[in-house]
Amino acid sequence: MHVDMDAFYASIEQHDFPALRGRPVIVGGGLRGVVSAASYEVRRYGVHSAMPLWQARRLCPHAVVQPVRMARYVEISRQVQAVLHRFSPRVEQASVDEAYLDATGLERLFGPVDVLARAIKQAVFEATDGLTCSVGLAPVKFLAKIASDRDKPDGLTILFPEQIDSFLHTLPVCDIPGVGKTFLENLRGLGIHTCGDVRQRPQSFWERRFGKAGVVLWQRAQGLDPREVEPQTPPKSESAENTFDEDTLDKDVLRGWLFRQADRVGRSLRRQRLCGRVVTLKVKYADFKRVSRQMSLPEPTCATQTIYEAGCRLLDALDLVRPVRLIGLGVSHFEEGRQQGFLPEAVQNHEQEVRRTRLDQTLDALGGKVVRGRLFVPRDDS
Numbered sequence: 003m004h005v006d007m008d009a010f011y012a013s014i015e016q017h018d019f020p021a022l023r024g025r026p027v028i029v030g031g032g033l034r035g036v037v038s039a040a041s042y043e044v045r046r047y048g049v050h051s052a053m054p055l056w057q058a059r060r061l062c063p064h065a066v067v068q069p070v071r072m073a074r075y076v077e078i079s080r081q082v083q084a085v086l087h088r089f090s091p092r093v094e095q096a097s098v099d100e101a102y103l104d105a106t107g108l109e110r111l112f113g114p115v116d117v118l119a120r121a122i123k124q125a126v127f128e129a130t131d132g133l134t135c136s137v138g139l140a141p142v143k144f145l146a147k148i149a150s151d152r153d154k155p156d157g158l159t160i161l162f163p164e165q166i167d168s169f170l171h172t173l174p175v176c177d178i179p180g181v182g183k184t185f186l187e188n189l190r191g192l193g194i195h196t197c198g199d200v201r202q203r204p205q206s207f208w209e210r211r212f213g214k215a216g217v218v219l220w221q222r223a224q225g226l227d228p229r230e231v232e233p234q235t236p237p238k239s240e241s242a243e244n245t246f247d248e249d250t251l252d253k254d255v256l257r258g259w260l261f262r263q264a265d266r267v268g269r270s271l272r273r274q275r276l277c278g279r280v281v282t283l284k285v286k287y288a289d290f291k292r293v294s295r296q297m298s299l300p301e302p303t304c305a306t307q308t309i310y311e312a313g314c315r316l317l318d319a320l321d322l323v324r325p326v327r328l329i330g331l332g333v334s335h336f337e338e339g340r341q342q343g344f345l346p347e348a349v350q351n352h353e354q355e356v357r358r359t360r361l362d363q364t365l366d367a368l369g370g371k372v373v374r375g376r377l378f379v380p381r382d383d384s
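Residues in the sequence shown are numbered consecutively from 3, following the numbering used here.
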């Protein structure tokens, strides 16, 4: 079973602010930002997630733009996850607004799968005070995800085993999760439009042509997906990024954003009790060309200052060839339960790193009541 919340961010905004109900709502921020979520009312104008905000405003000038409130979305997401765990011991959270659930054998407790699905939808509706989800059921994960998108919003689609062959024969390859824009263009160049087209050639052809991605494509066209529902899949990375209202070449400005991002990433890592060994800097120029740089730390860390200093080192080593429109900072290669290490030269000794970690933990415990000086924005009470 794949459970997908409907227009999650936008629906929460409409729930929390009743005046927005029935109105076109965009969740995003900044003049140069992108659409994080779009209500169904605004989608009628062609607005969709990941679209540049300026383009969305042009398509629907009267749309209401709400800032991203991630803490609120995570709060509701946890309520949804709690509901799903009441029905199955095997729940895999795929993102903040979607999850897979292993429904094997649950008919003994809840009846047929359609009854189970409706019970989950109702339980989610009640737990979130009125938010809806769409549910897809199928023998394998990728088909369940496709099914959940078939009848949005508030939908329920079930693909029984005997229906899979005919369903796949006409299924567009663009509907298969993981088939991106470039891959799709290559497939269309070969005259491939549906899974039925893929089936006309053997697995060996697709492997020679596209390697591992080709093998996965062939498997999906046959309805094969060996992946199981994996409860509590650990995250592989944690990152933050910002798109600027105006492009900049000022590295002092960029360092200021890196500190904000290091603080966000560090807080998230500490909350999850994770430490990462690799720090990654991401830069997007005004012409949309992207570059990234990485460095490995001697020991895994979750200390804000250590992450920040690593990001600054990467930035200082980067020759900015043109103005920057976006910068991002991330940490990966996690190790749980490790003590934070230190960067040579940046941190003189282990005791200093320990002090940094204690400071971070103290600020975390204060829940935002006290902030670092670099992050403080005076309130205008005039």
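Glycine included, C-beta positions come from ideal geometry on N, C-alpha and C.
Per DSSP, the bridge partner or partners of residue i
i	result
L139	I160
E337	C277
D6	E100, S136
N244	I329
A40	I28
E94	Y102
T303	G278
S239	S334
Terminal residues of the alpha helix (DSSP H) in which residue i lies
i	result
F290	Per DSSP, F290 belongs to no alpha helix (DSSP H) and is neither H nor E.
G225	That residue, G225, is in no alpha helix (DSSP H); it is neither H nor E in DSSP.
A73	72 to 89
A125	115 to 129
L111	109 to 112
Integer Cβ distance of residue i from residue j, believed to fall under 8 Å
i	j	result
M3	Y102	7 Å
P26	S41	6 Å
G332	A264	With a Cβ gap of about 10 Å, G332 and A264 do not count as contacting.
I28	A58	6 Å
R88	A125	7 Å
S294	L283	6 Å
A288	D249	4 Å
I78	T134	Going by Cβ atoms, the distance from I78 to T134 rounds to 12 Å, so no, they are not a contact pair.
S38	V70	5 Å
L186	V175	7 Å
Where residue i falls: helix, strand or coil (DSSP)
i	result
L331	strand
K253	helix
V218	helix
S298	strand
A52	coil
V181	coil
P174	strand
Q205	helix
L322	coil
V285	strand
E15	helix
Q363	helix
L345	In this predicted model, L345 has a pLDDT of only 41, less than 50, meaning its place in the structure is not dependable enough to derive any value.
S384	Note on S384: pLDDT 37, under 50, position unreliable in the model; the coordinate value appears next. Correct three-state label for S384: coil.
P385	Because the chain here runs from 3 to 384, residue 385 falls outside it and cannot be looked at.
R229	coil
Q350	Reliability fails at Q350, whose pLDDT of 49 lies under 50, so the model's placement of it is uncertain and the value that follows must be treated cautiously. Here Q350 sits in coil by DSSP.
R358	helix
R211	helix
Buried versus exposed, by CB contacts within 10 Å (16 or more), residue i
i	result
L251	exposed
W259	buried
E15	buried
E164	exposed
L158	buried
E230	exposed
L345	Model confidence at L345 stands at a pLDDT of 41, short of 50, so the residue's coordinates are unreliable; what they give is reported in the following sentence. Burial call: buried.
S150	buried
Q68	buried
L111	exposed
A140	buried
L144	A small correction: the amino acid at residue 144 is Phe; Leu does not occupy that position in the sequence shown. It is buried - the Cβ of F144 has at least 16 other Cβ atoms within 10 Å.
Q95	buried
T308	buried
P237	exposed
E240	buried
R358	buried
K286	buried
F261	buried
L368	exposed
D153	exposed
For residue i, the first and last residue of its enclosing beta strand (DSSP E)
i	result
V200	Taken as a continuous stretch (DSSP letters only), V200 belongs to no beta strand (DSSP E), being part of the alpha helix (DSSP H) at 197 to 201.
Q68	66 to 68
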